[in-house]
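Protein chains: 2
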Amino acid sequence: MSPAGATISQVAAAAGVSRATVSRVMNGRATVAPELAERVRAAAAALGYSPSPVARSLALGRTSTVAFVVPDLSNPMFQSVLRGLGQAAAKEGHRLIVAESNEDPAEETPLAVEIRRRVDGIVLAASRLPDDELAELVPRLEPVVLVNREVPGLDVPSLSVDHRAGVRDLAAHLFELGHSRLVYLAGPQASASDRERLHGLRAAVCDTAGAELVELRCGSGFADGQAAVPAVVACGASGVVAYNDLVAFGALSGLHELGIAVPEQISVVGFDDIPFARYTTPPLTTASVPQFDLGEQAWQRLWVLLQDGPPQHNVTYRPRLEVRGSTGPAPGAAGGEVTTSQVADNRGPTVDPSPSAL
Amino acid sequence: MSPAGATISQVAAAAGVSRATVSRVMNGRATVAPELAERVRAAAAALGYSPSPVARSLALGRTSTVAFVVPDLSNPMFQSVLRGLGQAAAKEGHRLIVAESNEDPAEETPLAVEIRRRVDGIVLAASRLPDDELAELVPRLEPVVLVNREVPGLDVPSLSVDHRAGVRDLAAHLFELGHSRLVYLAGPQASASDRERLHGLRAAVCDTAGAELVELRCGSGFADGQAAVPAVVACGASGVVAYNDLVAFGALSGLHELGIAVPEQISVVGFDDIPFARYTTPPLTTASVPQFDLGEQAWQRLWVLLQDGPPQHNVTYRPRLEVRGSTGPAPGAAGGEVTTSQVADNRGPTVDPSPSAL
DNA sequence: ATCTCGGTAGAAACCGGTTTCTCATGATTC
DNA sequence: GAATCATGAGAAACCGGTTTCTACCGAGAT
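If you read the protein sequences in the order shown, they are chains B and G.
What the first sequence shows, in the numbering used here, is residues 1 to 358, in sequence order.
What the second sequence shows, in the numbering used here, is residues 1001 to 1358, in sequence order.
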């Protein structure tokens, strides 16, 4: 193969020194005489030598590579996390392996375990595994950082999103606008974030006089949201809470096709605030989670662990309500000025004082 | 560290055989007596042994990993290629390293070279390198597959898109609709695809009586498209040809904000057909390139090379004109029924009989 | 009964680095 | 001037596998 560079032995021979010395020079160990070091560098340059990362990995017991394991890379939410993670890792000279489990929980464990052997650490995003299986998996993956998923009893570094609060803000926003009958377009069954969002929404509806909630099994993609539109219309709700932005987009698109005006006739909200959300027509009201930051933070956490640093406090991101054009006063509502003040600027990470408590 | 499994020596000792025998059993070499093999398997299972991929990589000289190097991962176009590549590689038991060069041509060469040492092959997408530098880089990367970029004099496996034809189809579509004054929102300077698209567009305009073209330096993202809107309006064109879908989205959004109706007042077309394109309002007319396929094909090409297979014919994808709602008759045009027949179903890869010829 | 052959499995070399151990050298100290 | 010590660099072990080489064994052929 072409890119098979010179080996350390060849450099050693060319410079007339031992391999140990070459190694020391390449790694900047100070215990080499300047004159020798220069000779070694010259030989290395002449041969175009650079140490084999694979051989180094074996000798050092670390690969300078980390992995990102995710159920579905087609979701822009995860793509943003991926970028944040990848760029942050690159700054520290680490490479990133990406692996998709294709929304198949059964595949997740073997995939993660296999991949773990090739890398120094793993970032596991939005695992679709049941709590018990995840709790079993995590120790086999250490060091690992969980993103968008916590394990109740387990003390593992994780970056989470307060889905309940996010969805509560969205619901409050809709109630304020006069919507009383909401429909939830639910995400994948195995998704923990779907459960959280649903529970948050139920709670919000319970707490609000005269509010009703219809729950529709849906999915996590465009097509799912679009397909759900007839059912949405049939159920008579005026406010649609989609599992995520993608589903909301699908709903928006389906409603548009049916000639139903958003937000005049129906209001729609999403979750995540993926980059496209501000560019739809109308722009999507959503609960904004700082995806890129999540990736960067995940790296930061993992990096500390890789250096045997002290465990960091876990962080829960409180989504920020992002009010845009897809929500408006309910059709029959008494109208009047809408106050969007209530839920204001509460962005930024919140330190969770008791990481292992639910 | 936790996931440090047993080593081959431990298994050998436990089974009372040599390491060579364990290795043979693990790799299914037939030359081991059934009874011994069983003993080895039992020992391996008992110890939870699985061979170290790093050690294997060193011994075998291959890593079962490939890399995807791309200038900007925030573009959904590349994300789709990434997924196609990753999924196809996974089916063959290979892992994928992703690396972003952040649109910085100077970073590309060292990045690719460094990464090449950790993987068996590289897929290099939309390189921003000048032809001569790329021609110099490619041999150091072999085996390599180029996506969305060709090198004129060089015989290297590449998957390309016929940008000129795509843009010509788009222009023809607009001319048919009565648009005579077009504006092109140009992409990154270093982008070869931008040059191709621009040339194609110029040619189309030249060939059409009464057609005019305004060229605006723009960029490759949403924000760029949006920022260009005032200039678009000022230039008086009725048809906007954006460098890519992202830019088109930005334009769509900016025009909407200004209250300019699309397609009634201005028509907009993009390029790529990223997944979102069909869900904007109005849905975007664009030149559709099969991004996922591109990724899969890139793997297929690379896989053949990794097995010392014969060089494959290069493939040029002819984008398919995807007419959607963002284009309509020009405002002052004589109207009448619009015929969208002309450029019909010409999708699918085209074998390029002379790979090295331009 | 001896020679040869095919098949098994262990010993050892190898992949390309890093690091410990050891020894030789020159400087410092009493 | 001899003993002590710090320093620099080579030898060798090691990381955890794979593979070639070789020795041994029993079976079939002569």
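From the three backbone atoms N, C-alpha and C, an ideal C-beta is built for every residue, glycine too.
task: Determine, using beta-carbon pairs with one atom in the region 1219-1226 of chain G and one in the region 1157-1172 of chain G, whether at least three such pairs fall under 8 Å.
output: no
- prompt: In the structure shown, what three-state DSSP assignment does residue 212 (chain B) receive?
  reply: Against the first sequence, residue 212 (chain B) aligns to sequence position 212. DSSP places residue 212 (chain B) in strand when its eight states are reduced to three.
- prompt: Pick from G:1115, G:1108, G:1103 and G:1091: whose alpha carbon is nearest that of residue 96 (chain B)?
  reply: Counting from 1 along the first sequence, the entry for residue 96 (chain B) is found at position 96. Closest option to residue 96 (chain B), Cα to Cα, is G:1115.
field: Rounded C-alpha distance that separates residue 1332 (chain G) from residue 1320 (chain G)
entry: The residue you call residue 1332 (chain G) lines up with position 332 of the second sequence. The residue you call residue 1320 (chain G) lines up with position 320 of the second sequence. C-alpha separation (whole angstroms): 28 Å.
message: Less than 9 Å between CB atoms is the rule here; does residue 1065 (chain G) satisfy it with respect to chain B?
response: Against the second sequence, residue 1065 (chain G) aligns to sequence position 65. By this cut-off, residue 1065 (chain G) is an interface position.
message: My output table needs one value for residue 1018 (chain G): the three-state DSSP class, helix, strand or coil.
response: Counting from 1 along the second sequence, the entry for residue 1018 (chain G) is found at position 18. It is coil, neither helix nor strand.
message: Mapping the DSSP letters down to three states, classify residue 322 (chain B) as helix, strand or coil.
response: Walking along the first sequence from the start, residue 322 (chain B) turns up at place 322. Strand, per DSSP.
Presumed contact (8 Å Cβ cut-off) between residue 1304 (chain G) and residue 1282 (chain G), rounded CB distance: By 1-based counting over the second sequence, the position of residue 1304 (chain G) is 304. By 1-based counting over the second sequence, the position of residue 1282 (chain G) is 282. Actually they are not in contact, since the Cβ atoms of residue 1304 (chain G) and residue 1282 (chain G) sit about 42 Å apart, beyond 8 Å.
Distance between residue 1235 (chain G) and residue 1211 (chain G) (C-alpha atoms, nearest Å): In the second sequence, the residue the question calls residue 1211 (chain G) occupies position 211. In the second sequence, the residue the question calls residue 1235 (chain G) occupies position 235. Straight-line Cα distance between these residues: approximately 14 Å.
- prompt: Can you tell me whether DSSP reads residue 365 (chain B) as helix, strand or coil?
  reply: Residue numbering for chain B in the displayed model covers 1 to 358; residue 365 (chain B) lies beyond these limits and cannot be assessed.
query: Is residue 1011 (chain G) buried or exposed, if buried means 16 or more other CB atoms sit within 10 Å of its CB?
result: Against the second sequence, residue 1011 (chain G) aligns to sequence position 11. Buried.
task: Consider the Cβ of residue 1279 (chain G): report whether some Cβ of chain B lies at a distance smaller than 9 Å.
output: Sequence index remark: in the second sequence, residue 1279 (chain G) carries index 279 (1-based). Chain B, which has a Cβ nearer than 9 Å to the Cβ of residue 1279 (chain G), makes this yes.
message: Give me the residue from B:113, B:118 and B:144 with the minimum Cα distance to residue 306 (chain B).
response: Taking the first residue of the first sequence as position 1, residue 306 (chain B) is located at position 306. Ranking the options by Cα distance to residue 306 (chain B), first place goes to B:144.
task: Compare the beta carbon distance of residue 1005 (chain G) and residue 1047 (chain G) with 9 Å and say whether it is the shorter of the two.
output: Within the second sequence, the letter at position 5 stands for residue 1005 (chain G). Within the second sequence, the letter at position 47 stands for residue 1047 (chain G). Yes, the pair counts as a contact, with Cβ atoms nearer than the cut-off.
- prompt: Given that a residue counts as buried once 16 or more other Cβ atoms are within 10 Å of its Cβ, and exposed if not, what is residue 35 (chain B)?
  reply: Sequence index remark: in the first sequence, residue 35 (chain B) carries index 35 (1-based). Classification for residue 35 (chain B): exposed.
query: So what does DSSP say about residue 6 (chain B), is it helix, strand or coil?
result: Walking along the first sequence from the start, residue 6 (chain B) turns up at place 6. The answer is coil: DSSP assigns residue 6 (chain B) none of H, G, I, E or B.
query: Listing by chain order, which chain G residues have their CB less than 7 Å from the CB of residue 17 (chain B)?
result: Residue numbering aside, residue 17 (chain B) sits at position 17 when the first sequence is read from its first letter. Going along chain G, no residue has its Cβ under 7 Å from residue 17 (chain B), so there is no contact; the nearest lies around 23 Å.
- prompt: Alpha carbon to alpha carbon, how far is residue 1172 (chain G) from residue 285 (chain B)?
  reply: On the second sequence, residue 1172 (chain G) is found 172 positions in, with the first residue counted as 1. On the first sequence, residue 285 (chain B) is found 285 positions in, with the first residue counted as 1. Cα to Cα, residue 1172 (chain G) sits roughly 38 Å from residue 285 (chain B).
- request: Using beta-carbon positions only, say whether residue 213 (chain B) and residue 232 (chain B) come within less than 9 Å of one another.
  value: Numbered from its first residue, the first sequence carries residue 213 (chain B) at position 213. Numbered from its first residue, the first sequence carries residue 232 (chain B) at position 232. No.
- prompt: In chain G, which residues lie less than 9 Å from residue 54 (chain B) when you measure between Cβ atoms?
  reply: The residue labelled residue 54 (chain B) in the question sits at position 54 within the first sequence. What residue 54 (chain B) touches in chain G: 1054, 1057, 1058, 1061, 1063, 1117 and 1118.
task: Taking residue 121 (chain B) as part of the alpha helix (DSSP H), name the residues at either end of that continuous run.
output: What you label residue 121 (chain B) is simply residue 121 of the first sequence in a count that begins at 1. It is not in any alpha helix (DSSP H) - residue 121 (chain B) instead sits in the beta strand (DSSP E) that spans 121-125.
field: Chain-order list of residues whose beta-carbon lies under 8 Å from that of residue 1251 (chain G) (same chain, five-residue window excluded)
entry: Within the second sequence, the letter at position 251 stands for residue 1251 (chain G). Excluding residues up to 5 positions away in sequence, 1185, 1225, 1226, 1228, 1229, 1232, 1240, 1242 and 1268 lie with their Cβ nearer than 8 Å to the Cβ of residue 1251 (chain G) in the same chain.
query: Alpha carbon to alpha carbon, how far is residue 66 (chain B) from residue 1179 (chain G)?
result: In the first sequence, residue 66 (chain B) corresponds to position 66, counting from 1. In the second sequence, residue 1179 (chain G) corresponds to position 179, counting from 1. Each residue's alpha carbon lies about 52 Å from the other.
- prompt: Opposite residue 70 (chain B) in the DSSP bridges: which residues?
  reply: Start at 1 with the first residue of the first sequence, and residue 70 (chain B) comes out as number 70. Looking at the DSSP assignment, residue 70 (chain B) forms a beta bridge with B:100.
query: Under 9 Å between the Cβ atoms of residue 1274 (chain G) and residue 1074 (chain G)?
result: For the purposes of this step, residue 1274 (chain G) is taken as residue 274 along the second sequence, with counting starting at 1. For the purposes of this step, residue 1074 (chain G) is taken as residue 74 along the second sequence, with counting starting at 1. No, these two residues do not count as a Cβ contact at 9 Å.
message: Can you look up residue 359 (chain B) in the DSSP assignment and give me helix, strand or coil?
response: Nothing about residue 359 (chain B) can be read from this structure; chain B reaches only from 1 to 358.
- prompt: Listing by chain order, which chain G residues have their CB less than 8 Å from the CB of residue 136 (chain B)?
  reply: Translated into the one-based positions of the first sequence, residue 136 (chain B) becomes position 136. The contacting residues do not exist; residue 136 (chain B) stays about 13 Å from chain G at best.
query: Counting only runs that start and end within the region 34-71 of chain B, where is the beta strand (DSSP E) found for 3 or more residues in a row?
result: If you keep only unbroken beta strand (DSSP E) runs of at least 3 residues inside the region 34-71 of chain B, you get 65-70.
Of the listed residues B:37, B:287 and B:14, nearest to residue 24 (chain B) (C-alpha basis): As a position in the first sequence, residue 24 (chain B) is number 24, starting the count at 1. Minimum Cα distance to residue 24 (chain B) is reached at B:37.
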